[in-house]
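First comes the structure, then the notes that go with it.
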Amino acid sequence: MEEVMHTRGSNIRAFLTLLLMVVLLSGCSAGVDLIEGSFTALGDISANPAAFEGKKVRVKGRVVVSGKMPFASTSFFTLVDEQGDELSVITEQGTPANEMQLWSYGVIENIAIVQGIGMGGHLKEQRRICQPNWGDWHTTQLLSCWLEE
Numbered sequence: 001m002e003e004v005m006h007t008r009g010s011n012i013r014a015f016l017t018l019l020l021m022v023v024l025l026s027g028c029s030a031g032v033d034l035i036e037g038s039f040t041a042l043g044d045i046s047a048n049p050a051a052f053e054g055k056k057v058r059v060k061g062r063v064v065v066s067g068k069m070p071f072a073s074t075s076f077f078t079l080v081d082e083q084g085d086e087l088s089v090i091t092e093q094g095t096p097a098n099e100m101q102l103w104s105y106g107v108i109e110n111i112a113i114v115q116g117i118g119m120g121g122h123l124k125e126q127r128r129i130c131q132p133n134w135g136d137w138h139t140t141q142l143l144s145c146w147l148e149e
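So for the sequence shown, UniProt numbering puts the first residue at 1; every next one is plus one.
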């Protein structure tokens with residue numbers, strides 16, 4: 001009898017977790033925007049930031065530097081990818097921890113574009129998913145790092 005109750009409880013938890021994921025990802029364009037499609041290489045953005053001006057991109061990497069601007073709600077961090085390329089990210093969604101691996105979605109902005117050359121290229125983050133390992137999804141980490149607009 002006890003085994004039947006334990007199995008039933010596990011099945012209910014698994015079903016509720018699956019149901020929650022379906023609801024979050026099916027009705028939320030943020031999930032589709034961030035999860036579907038390919039990622040833009042950080043090196044492509046940093047090599048020609050003017051070409052990406054105003055474009056929405058998906059990037060992934062590891063946080064190597066992070067901080068918060070005093071007297072403002074804006075945080076910043078630097079992502080580095082597997083090739084060693086870097087991209088600055090500006091966000092109002094909170095500062096991620098150093099060494100955290102994440103996927104980020106947002107718009108590329110430049111501080112200035114002079115004669116077609118972008119300067120100060122960065123990602124203005126809109127959404128983020130944190131992942132401890134690139135191929136390893138965990139529901140609690142996915143939900144805890146999900147950012148709402």
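Backbone N, C-alpha and C define an ideal beta-carbon position, used for all residues, glycine too.
Worksheet item: Skipping 5 residues on each side, what residues in its chain have a beta carbon closer than 6 Å to that of Met5?
Response: Per-residue confidence for Met5 stands at a pLDDT of 47, beneath the threshold of 50, marking its modelled position as unreliable; the derived number appears in the next sentence. Excluding residues within five positions, none has a Cβ falling inside 6 Å.
Practice prompt. Would you please state the rounded distance, in angstroms, between the beta carbons of Gly116 and Ala50? I believe it to be under 8 Å.
Written response: 6 Å
Worksheet entry | Simplified DSSP state of Cys130, which is helix, strand or coil | strand
Worksheet item: For Met69, is the classification buried or exposed, using 16 other Cβ atoms within 10 angstroms of its Cβ as the cut-off for buried?
Response: exposed
Item to complete: Take Glu99 and list the residues in its own chain whose beta-carbon comes closer than 7 Å to its own, dropping the five residues that flank it on each side.
Response: Arg62 and Val63
Practice prompt. Taking all protein chains shown into account, decide if Ile45 is buried (16 or more other Cβ within 10 angstroms of its Cβ) or exposed.
Written response: buried
Worksheet item: Which residues in the same chain have their Cβ closer than 6 Å to the Cβ of Gly106, if we skip the five residues on either side of it in sequence?
Response: Leu123, Lys124, Glu125 and Gln126
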